[in-house]
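Visitor: Structure below; questions to follow.
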Amino acid sequence: MIQPHRSVGRAALLVAMVFPTLLTLAYFVLLAGHSAWLQQSVYAVGKTIQFTFPALVVALLRVRGTSSGCRAMIAGLVSWRRPPNWLRAQAPMLVVGAGFGLLVLAAMFGLYHLMWKANPAFADATESIRGKIIALGIGRLWMYASVGVFYAICHSALEEYYWRWFVFGQLRSQLSRTSAVAISSLAFMAHHVILLATYFGWASPWTYAFSLAVAVGGAFWAWLYERSGSLVAPWLSHLVVDAAIFLVGYDLARDLLG
1 MIQPHRSVGR AALLVAMVFP TLLTLAYFVL LAGHSAWLQQ SVYAVGKTIQ FTFPALVVAL
61 LRVRGTSSGC RAMIAGLVSW RRPPNWLRAQ APMLVVGAGF GLLVLAAMFG LYHLMWKANP
121 AFADATESIR GKIIALGIGR LWMYASVGVF YAICHSALEE YYWRWFVFGQ LRSQLSRTSA
181 VAISSLAFMA HHVILLATYF GWASPWTYAF SLAVAVGGAF WAWLYERSGS LVAPWLSHLV
241 VDAAIFLVGY DLARDLLG
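If you count by my numbering, then the sequence shown holds residues 1 to 258, one letter each, in order.
So, in structure tokens, the structure goes:
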């Protein structure tokens, strides 16, 4: 028989894996024809719910958790190995994380300049991206730059806390490393499929190729998180990748960003 505290944990985990996809579908697709204010409001409320959810679950488990099993679950979620020589110990993982991020950045820039920029096959995707920038109300340079900085620094950190610390951490407490990495990475990929399909179309192989690349990134960051015992290295890596995305977006829409 499943104990009550484990039911709460598994239900919360399922909600955590599905909610970002539903949120993306709501603000990015279903509200696409509505005002930028409405899209931004739904996004802000949804993201607030998403990123406070893990903390609320852990708080609930602390209140209800009287069994050793529940205490072990909470301990697994909040564990954070931080020895006195933390920076020295983390240095190799920080280098690995930064190196991966820079490798992805170079691959993105190479793909963009060699295959995308002057290729008519990507014209529709380019126009979709440019149109979405305007529709979301970030068609001024300072707005776009502000959103880019927020995503690169803050949103990437929140996603690492959400996807690696909570989702992967919960899965890892119940499953093997391989299974936890695979499931958390596919869940992390799911809402990106909707984003990419909006730009490239559901029938485009690029939608699924880029989605698979997202899953690979999620798998790497999950591995890096477990290996380092810290969110700092995967956050640094994620930061570089998000910055690269916004730099490519800027080149695509620089004439719009007056």
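All C-beta atoms in this analysis are idealised placements derived from N, C-alpha and C, irrespective of residue type, glycine included.
If W221 and S237 are in contact, beta carbons under 8 Å, what's the gap, nearest whole angstrom?
Guide: Numbered from its first residue, the sequence shown carries residue 221 at position 221. Numbered from its first residue, the sequence shown carries residue 237 at position 237. That pair is a contact at about 6 Å.
Visitor: Note down, in chain order, each residue of its chain lying with its Cβ closer than 6 Å to the Cβ of L257, except the 5 sequence neighbours on either side.
Guide: Start at 1 with the first residue of the sequence shown, and residue 257 comes out as number 257. Closer than 6 Å at Cβ, skipping near neighbours: L141, Y144.
Visitor: Apart from the five residues on each side of it in sequence, which residues of its chain come closer than 6 Å, Cβ to Cβ, to A12?
Guide: One-based indexing of the sequence shown puts residue 12 at position 12. Answer for A12: V57, listed in chain order.
Visitor: When the distance is taken between beta carbons, is L38 closer than 8 Å to L31?
Guide: Reading the sequence shown from its first residue, position 31 is the one you call residue 31. Reading the sequence shown from its first residue, position 38 is the one you call residue 38. Contact flag set, yes.
Visitor: Using CA atoms only, rank isn't needed, just tell me which of H155, V95, I134 is closest to T48.
Guide: Here the question's residue 48 lines up with position 48 in the sequence shown. Residue H155 is the option with its Cα nearest to T48.
Visitor: Give the single residue among E226, V45, H191, I153 whose Cα lies nearest to the Cα of F210.
Guide: Position 210 of the sequence shown, counted from the start, is the residue given in the question as residue 210. When each option's Cα is compared against that of F210, the closest is H191.
Visitor: For S128, which of helix, strand or coil comes out of DSSP?
Guide: The residue you call residue 128 lines up with position 128 of the sequence shown. Here S128 sits in helix by DSSP.
Visitor: What residue range does the alpha helix (DSSP H) around S228 cover?
Guide: The residue you call residue 228 lines up with position 228 of the sequence shown. Per DSSP, S228 belongs to the alpha helix (DSSP H) from 205-228.
Visitor: At what residues does the alpha helix (DSSP H) containing S146 begin and finish?
Guide: Numbered from its first residue, the sequence shown carries residue 146 at position 146. That run of the alpha helix (DSSP H) goes 141-149.
Visitor: Would you decide whether F168 is buried or exposed? Buried here means 16 or more other CB atoms lie within 10 Å of its CB.
Guide: Taking the sequence shown and counting its residues from 1, one reaches residue 168 at position 168. The residue in question, F168, is buried, as its Cβ has 16 or more Cβ neighbours within 10 Å.
Visitor: For the alpha helix (DSSP H) holding S176, just list the boundary residues, first then last.
Guide: In the sequence shown, residue 176 corresponds to position 176, counting from 1. Unbroken run through S176: none, as it is neither H nor E.
Visitor: For W202, which of helix, strand or coil comes out of DSSP?
Guide: One-based indexing of the sequence shown puts residue 202 at position 202. It is coil, neither helix nor strand.
Visitor: When you compare the CB positions of S179 and A219, do they come within less than 8 Å of one another, or not?
Guide: Taking the sequence shown and counting its residues from 1, one reaches residue 179 at position 179. Taking the sequence shown and counting its residues from 1, one reaches residue 219 at position 219. Not closer than 8 Å, so no.
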